[in-house]
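A short worksheet on the structure shown next.
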Ligand code: FES
Ligand code: FES
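Numbering (the working numbering), first residue to last: 21 to 200.
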């Protein structure tokens, strides 16, 4: 057995540990308390183990922990802040996208990456949302609530972007009037 020391940022915090070079990132995360990362198939089929590696969704069961040395990892444990659910987590609850919950942490990470990548866009199609989530299987929900949750977040993000733009226009007009 060969061990190696690795360092990562997990949910924004620096973490160092010794790992067996044969261990997957999934095993190491779960051993270190990140149990939101689920083991379903263990072979890259179900997406239950999805985490973000440098903001990109990844099946942690197929990735060796030593490869994550020096990288940034995000799991569901880091998504809520000060006891407040993230917008994506809240949207999943609001649309009934959570039933047994086994697939939910992985799906939330996939949705989070997708929404952050498409922030402010209001022309994202259902087909694009479906395709982005194709690697995450859910036995319970039929996917409709999941898609609705993503649509809701994208709509809210676009409305926020419009509001910020409108506010900055008002500020511009006001400052021009003051100058005159
Ligand atoms: Fe990793 Fe299924 S447990 S894809
Ligand atoms: Fe049960 Fe998705 S909510 S597998």
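Even for Gly, the Cβ is constructed at its ideal location relative to N, Cα and C. Since this is a predicted model, take the numbers as computed values, not measurements.
Item	Value
Status (buried if at least 16 other CB within 10 Å, exposed otherwise) for residue 142	exposed
Test item, CB below 7 angstroms from any non-hydrogen atom of ligand 1	46, 58, 59, 60, 61, 62, 63, 64, 65, 66, 67, 68, 69, 79, 80, 81 and 82
Distance, residue 87 Cα to residue 160 Cα	33 angstroms
Any heavy atom of ligand 2 nearer than 7 angstroms to the CB - residues listed	118, 119, 120, 121, 122, 123, 124, 158, 159, 160 and 161
Same chain, Cβ closer than 7 angstroms to residue 140, five either side skipped, listed in chain order	177, 178 and 181
Distance, residue 146 Cα to residue 55 Cα	30 angstroms
Secondary structure, beta strand (DSSP E): runs of 3+ residues fully inside the segment 132 to 179	none
Top-ranked residue by Cα proximity to residue 128, from 148, 100 and 144	100
Which listed residue (149, 133, 148 and 124) has its alpha carbon closest to that of residue 158	124
Delimiting residues of the alpha helix (DSSP H) encompassing residue 96	That residue, residue 96, is in no alpha helix (DSSP H); it is neither H nor E in DSSP.
Alpha carbon of residue 164 to alpha carbon of residue 68, nearest angstrom	18 angstroms
Where residue 70 sits in the DSSP three-state scheme	strand
Span separating the alpha-carbon of residue 153 from that of residue 79	13 angstroms
Residue 187 (DSSP reduced to helix, strand or coil)	helix
Residue 31 and residue 90 closer than 9 angstroms at C-beta	no
C-alpha distance - residue 60 paired with residue 85, whole-angstrom precision	18 angstroms
For residue 126, the nearest candidate out of 114, 148, 135 and 96 (CA to CA)	96
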